[in-house]
Amino acid sequence: MGHSLGGMLAAIYGAIAPATIRGLVLLGAPLCFQPGQSQFRDALVSLLPPTWSVADPLPGSLLSQMSALASPGTFIWSRLMDAALSLTDRQTLEMHGRIERWTLDEIALPGKLVHQIIKWLYRENRLCRGVLKIGDTLVDPSKLSVPTLAIVNTADEIAPMASLKPFTEATPSRNVRIIEYQGEIGVCLQHLGILVGSEAQAKVWPDVISWLNSQS
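Residues in the sequence shown are numbered from 1 upward in steps of one, following my numbering.
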């Protein structure tokens, strides 16, 4: 189970060693980066030059600024709207504030890691194309044969349906289920909604738990 890039890592592991897992749960996990399918992907790729120094860590504040430039609707305007809509409910406003506080805990990432993510995944779409190599192992969606459950937030520009479905369609598993979650007020960033939203906990997670139990 993994959220966002953690879901990508889970999918990669599942494709490398499918016999070691019973199932895969993807929570808002972008796996495909075909040009023209995601505004966030296209903007992020255009912001970073193909060649740049990977020697130094990339500051968390710079990553936040890059994300805001790539998707101002997600990281600026929708956050402001979410704050305004949360004003009428104390519990919702408190949750929004906690997530805003969490976003300030910016952690630097290794420059080489960020470079590989942008170049191999976002720019070259190696994972979905089946040409990503981890060590000597080729990672191919056609090798992921385990049951898969994916949650897609339809209000999330970071991991839209277009960033998931080509991957799941390329897997040989016939046991693939996709749950569409509509997002909600108070989560600040819709990309985090499936993890922190009260509606997600009440309506989506019972299905996730039930699915997990069915795989045991």
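Glycine included, each C-beta is placed from N, C-alpha and C at the ideal position.
The shortest CA-to-CA distance from glutamate 199 to any of Val208, Ile185, Ile209 is the one to Ile185. Considering only Leu9, Leu31, Leu27, Tyr13, the residue with the shortest C-alpha distance to phenylalanine 167 is Leu31. In chain order, Asn153, Thr154, Ala155, Asp156, Gln190, Gly193, Gly197 place their CB closer than 8 Å to the CB of glycine 183, counting only its own chain and leaving out the 5 sequence neighbours on each side. Our two residues, alanine 55 and glycine 111, have alpha carbons roughly 6 Å apart in a direct line. Within 10 angstroms of the beta-carbon of glycine 7 lie 16 or more other beta-carbons, which makes it buried. Of all alpha-carbon atoms in Glu180, Ala150, Asp42, Lys143, the one lying nearest the alpha-carbon of proline 172 is that of Lys143. In the displayed model, leucine 192 falls within a helix according to three-state DSSP.
Excluding residues up to 5 positions away in sequence, Gly130, Val131, Leu132 lie with their Cβ nearer than 8 Å to the Cβ of leucine 138 in the same chain. Between phenylalanine 33 and cysteine 188, the gap from beta carbon to beta carbon reaches 8 Å or more.
Between the C-alpha atoms of proline 160 and isoleucine 151 there is a straight-line separation of about 10 Å.
Annotation: arginine 79 to leucine 93 spans about 12 Å, alpha carbon to alpha carbon. Sequence-distant partners of methionine 1 (beyond 5 residues in either direction) whose C-beta falls short of 6 Å from its own C-beta, in its chain, are Val25. Distance from the Cα of isoleucine 12 is smallest, within the candidate group Thr148, Asp207, Leu87, for Thr148.
Scanning Ala162, Ile134, Ala15, Leu109 for the CA closest to the CA of aspartate 42 turns up Ala162.
Shortest Cα-Cα distance from proline 141 to any of Ile118, Ile16, Gly97, Gly135 involves Ile16.
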